[in-house]
Amino acid sequence: MWPPAGIALAALALRGPRLWPGVWIGSAAANFTVQASLVAPLAIGAGAALEATVGALLTRRILADPRATFAEVMPVFRFVASALLAATLSASVAVVALGLAGVVSSLESAATWLTWWLGDATGIMIVAPLIVSWIRPSRIAWNGWRVLELASLAVLLVAAAGELFTGWLLELESLPVSFMLVPFVIWAAIRFTEREVLTLCVIVSAIAIWATVTGSGPFAARSLNQSLLLQQAFVATLLVTGLALAALVQEQRRMRETLQRAHGEMEQIVHAAAHDLQEPLRTVIGYADLLQLRHRERLDADGLEILRTIVAGATRARQLFEDLLAVSETGRRPLALEPTSGSQALAAALGHLKGAIEESGARVTHDALPQVRADRRMLESLFQNLVGNSLKYRSSEPPRIHVSARREGGDWVFSVRDNGIGIDPRYHDVVFRTFERLNRDDARPGTGVGLALCKRIVERHGGRIWVESTASQGATIHFSIPWGGERGGRGGSDGSD
Amino acid sequence: MVEATEAIDRTPVRILLVEDNPADVRMTREALKLAKIDHELHVVGDGEQALAFLKRQGPFREAPVPDLVLLDLSIPRISGHGVLEELRSGRAERRFPVVVLTGSKLSEDIERSFALDADEHITKPAGLLHYASELMFAVGLVRPRPAV
Numbered sequence: 003m004w005p006p007a008g009i010a011l012a013a014l015a016l017r018g019p020r021l022w023p024g025v026w027i028g029s030a031a032a033n034f035t036v037q038a039s040l041v042a043p044l045a046i047g048a049g050a051a052l053e054a055t056v057g058a059l060l061t062r063r064i065l066a067d068p069r070a071t072f073a074e075v076m077p078v079f080r081f082v083a084s085a086l087l088a089a090t091l092s093a094s095v096a097v098v099a100l101g102l103a104g105v106v107s108s109l110e111s112a113a114t115w116l117t118w119w120l121g122d123a124t125g126i127m128i129v130a131p132l133i134v135s136w137i138r139p140s141r142i143a144w145n146g147w148r149v150l151e152l153a154s155l156a157v158l159l160v161a162a163a164g165e166l167f168t169g170w171l172l173e174l175e176s177l178p179v180s181f182m183l184v185p186f187v188i189w190a191a192i193r194f195t196e197r198e199v200l201t202l203c204v205i206v207s208a209i210a211i212w213a214t215v216t217g218s219g220p221f222a223a224r225s226l227n228q229s230l231l232l233q234q235a236f237v238a239t240l241l242v243t244g245l246a247l248a249a250l251v252q253e254q255r256r257m258r259e260t261l262q263r264a265h266g267e268m269e270q271i272v273h274a275a276a277h278d279l280q281e282p283l284r285t286v287i288g289y290a291d292l293l294q295l296r297h298r299e300r301l302d303a304d305g306l307e308i309l310r311t312i313v314a315g316a317t318r319a320r321q322l323f324e325d326l327l328a329v330s331e332t333g334r335r336p337l338a339l340e341p342t343s344g345s346q347a348l349a350a351a352l353g354h355l356k357g358a359i360e361e362s363g364a365r366v367t368h369d370a371l372p373q374v375r376a377d378r379r380m381l382e383s384l385f386q387n388l389v390g391n392s393l394k395y396r397s398s399e400p401p402r403i404h405v406s407a408r409r410e411g412g413d414w415v416f417s418v419r420d421n422g423i424g425i426d427p428r429y430h431d432v433v434f435r436t437f438e439r440l441n442r443d444d445a446r447p448g449t450g451v452g453l454a455l456c457k458r459i460v461e462r463h464g465g466r467i468w469v470e471s472t473a474s475q476g477a478t479i480h481f482s483i484p485w486g487g488e489r490g491g492r493g494g495s496d497g498s499d
Numbered sequence: 152m153v154e155a156t157e158a159i160d161r162t163p164v165r166i167l168l169v170e171d172n173p174a175d176v177r178m179t180r181e182a183l184k185l186a187k188i189d190h191e192l193h194v195v196g197d198g199e200q201a202l203a204f205l206k207r208q209g210p211f212r213e214a215p216v217p218d219l220v221l222l223d224l225s226i227p228r229i230s231g232h233g234v235l236e237e238l239r240s241g242r243a244e245r246r247f248p249v250v251v252l253t254g255s256k257l258s259e260d261i262e263r264s265f266a267l268d269a270d271e272h273i274t275k276p277a278g279l280l281h282y283a284s285e286l287m288f289a290v291g292l293v294r295p296r297p298a299v
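Going down the list, the sequences are from chains G and A. Here our numbering is used: the first residue of the first sequence is 3, the next is one more, and so on. Here our numbering is used: the first residue of the second sequence is 152, the next is one more, and so on.
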């Protein structure tokens, strides 16, 4: 691995390609000490400068902002490709220069080219992103647990790499067990960012080089040059895998955040719209009343009918907004989870429905209902909506409604069973959508929000809701509430973000 | 023998309506009329004017002291809650009875109204009759109806 290639590329990418003479001078000087001639080092230096300039220009194109991080997948692959490409320039110039100077024979030139190329490419791939990632602020919310996790990861990786290359513990160094480093890199990529992946790869690389040079490890081959080639190819593979995975994980995390934000904004808009759109409708209704009060005698029967229709339309629109507001409120309001008696919640709901129950001659019965961890107001509203629906969608028989509960795994499953008109299995999913109604008749007024509201309430508690019914044979709505309240609410924090 | 009869105030209720929407101003007038509330209505269209009226400043130097303030929340310059905050600050000379009369039924707004010591928060209802009955209720807070 040739780290200066990466340093040069990073410098030119960050500070501008006009710094290329610095790379030339630096590289030429370094080679001058080795070659003790003038022309070859100058040529090699020019090759290095060319490599850094082309690489930096490509990197600036790929990342747009050269200080941007490798947090997306495609830029990672483009960067790897440009590193491989830029390294061909330096390797080719160097091999030609060394060939002309008589240092490398034509027989050796292919191997030299490959070593040079891979060394530069690996150097660029590791060191340039490493520099960039370290000058950027960390995107991890560090705390004690994260530091401990990273430290454990580093220790395990170093132990594994040490075993792989030196066999210090189990003497496995001559066996092809290099794959055992892969899980650690995956761990780093999934739980951390590219900075940690790169840093760990540098550590692995250092151990690998040291071991390979001292002649041990799985990549010790016939010649040192071959060994180093193999070892570098291994590190490069590890690195590209880790970088791509880290980028993928971060891309996914960002996507989730974007979605959550967009969802929050949408909720906000729905809430504001549902609230504010009621205002003008209030004016419409009020002024229609006023018209009727003031100018009644000037309107004939048809005029009054038209006016009534206007009021009915506006009133219904207001009701729709009102229900939409309730749905949105259910999604926004923080859950106040507390031990809540199912029986008491049902009793409260039945209290609100007293008039409708008496009017329909319904008989509502229930088993003993358990105490659950729930938001009391929401649970009441849930029962009120479900029992209210049973009353509304009654058959010609007097409504019979029974509420029961049973344990099922980690959940309490509540069931509200009725002898109403039932729900055709075709519509079992449809009924939970907002503003979806199966009946349009005026005998059963409503906006189609009830079950959508129920679904929201249940889902916010980490449960699910479903229908069991055939048309004309009554319906049972089941909903589950996790035994301990919200799912995932149990167990300690793992300290992750 | 104790004869603590409260003299029943039969003068018109002096109301300051803080409202910028002309449609609502008329609605309020009509509802007051419909409710047969004997009243004297003053209307200002923003929060700044409301405070000037109540503090009898500027063009409102001669303004009467209202018995009741009906305060909309979404008004220009200073919001309804801003007006209420100022009225309930230590700087105020007297405690005006304030009923927030607004389109908002957001729990945040309602809680804020009461936190700022409003006498009542009424969400403007749809329909003239409802409006009239809400106004009767609001006026009843400051002028108990004579027992019939």
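A virtual CB, placed ideally from N, CA and C, is assigned to each residue, including glycine.
Residue i bridges to which residues according to DSSP?
i	result
Trp468(G)	His480(G)
Val405(G)	His368(G), Val418(G)
Glu410(G)	Asp413(G)
If distances are taken between C-alpha atoms only, which option among the options comes closest to residue i?
i	options	result
Val41(G)	Trp22(G), Val105(G), Ala153(G), Val251(G)	Val105(G)
Gly57(G)	Trp119(G), Ile126(G), Gly121(G), Ile27(G)	Ile126(G)
Leu102(G)	Asn387(G), Ser39(G), Ser397(G)	Ser39(G)
Gly217(G)	Val204(G), Ala328(G), Leu232(G), Ala130(G)	Leu232(G)
Gly28(G)	Ile9(G), Asp325(G), Ser180(G)	Ile9(G)
Gly411(G)	Leu150(G), Gln254(G), His354(G), Pro484(G)	Pro484(G)
Trp468(G)	Pro23(G), Ser111(G), His430(G), Ala246(G)	His430(G)
Phe434(G)	Asp377(G), Phe481(G), Ala407(G)	Phe481(G)
Ile166(A)	Leu192(A), Leu185(A), Ala201(A), Asp268(A)	Leu192(A)
Val157(G)	Thr472(G), Glu281(G), Leu261(G), Val206(G)	Val206(G)
Pro178(G)	Ala213(G), Glu196(G), Phe186(G), Pro220(G)	Pro220(G)
Glu199(A)	Glu213(A), Lys184(A), His232(A)	His232(A)
Asp413(G)	Leu171(G), Leu159(G), Ala376(G)	Ala376(G)
In terms of residues, what are the limits of the beta strand (DSSP E) holding residue i?
i	result
Ser343(G)	339-343
Arg138(G)	No beta strand (DSSP E) holds Arg138(G); DSSP gives it neither H nor E.
Thr253(A)	249-253
Ala376(G)	373-377
Arg165(A)	164-169
Val220(A)	219-222
Hey, quick one: how far does the alpha helix (DSSP H) through residue i stretch, first residue to last?
i	result
Ile273(A)	From DSSP, Ile273(A) is part of no alpha helix (DSSP H) but of the beta strand (DSSP E) over 271-274.
His193(A)	Run containing His193(A): none in the alpha helix (DSSP H); it sits in the beta strand (DSSP E), 190-195.
Phe79(G)	75-102
Thr214(G)	196-215
His232(A)	231-238
Ile261(A)	258-266
Tyr289(G)	280-297
Arg320(G)	303-334
Leu11(G)	5-17
Phe204(A)	198-206
Glu173(G)	Unbroken run through Glu173(G): none, as it is neither H nor E.
Phe288(A)	279-293
Asp431(G)	From DSSP, Asp431(G) is part of no alpha helix (DSSP H); its letter is neither H nor E.
Just mark residue i as buried or exposed, buried being the case when its beta carbon has 16 or more other beta carbons within 10 Å.
i	result
Lys457(G)	buried
Trp26(G)	buried
Arg419(G)	buried
Phe194(G)	buried
Asn391(G)	buried
Glu259(A)	exposed
Ser495(G)	The predicted position of Ser495(G) is uncertain, since its pLDDT is 34 and thus under 50; no value can be drawn from it.
Pro131(G)	buried
Ser180(G)	buried
Gln234(G)	buried
Leu200(G)	buried
Leu306(G)	exposed
Ala112(G)	exposed
Met257(G)	exposed
How about residue i: is its C-beta nearer than 8 Å to some C-beta of chain B?
i	result
Met178(A)	No chain B appears in this structure, whose protein chains are G and A.
Worksheet item: Can we say the stretch 90-100 of chain G touches the stretch 44-53 of chain G, given the rule of at least three CB pairs closer than 8 Å?
Response: yes
Worksheet entry | the stretch 356-372 of chain G touching the stretch 320-333 of chain G, judged by at least three CB pairs closer than 8 Å | no
Worksheet item: So does the stretch 418-437 of chain G actually touch the stretch 474-485 of chain G, counting three or more Cβ pairs closer than 8 Å?
Response: yes
Worksheet item: Do the stretch 347-364 of chain G and the stretch 376-384 of chain G make contact, defined as three or more Cβ pairs closer than 8 Å?
Response: yes
Fill in: Inter-stretch contact (C-beta, 8 Å, three-pair minimum) for the stretch 272-282 of chain A and the stretch 281-291 of chain G
yes
Fill in: Cβ pair count under 8 Å reaching 3, the stretch 177-188 of chain A against the stretch 196-213 of chain A
no
Fill in: Validate contact between the stretch 207-226 of chain A and the stretch 252-268 of chain A using beta carbons, cut 8 Å, 3 pairs
yes
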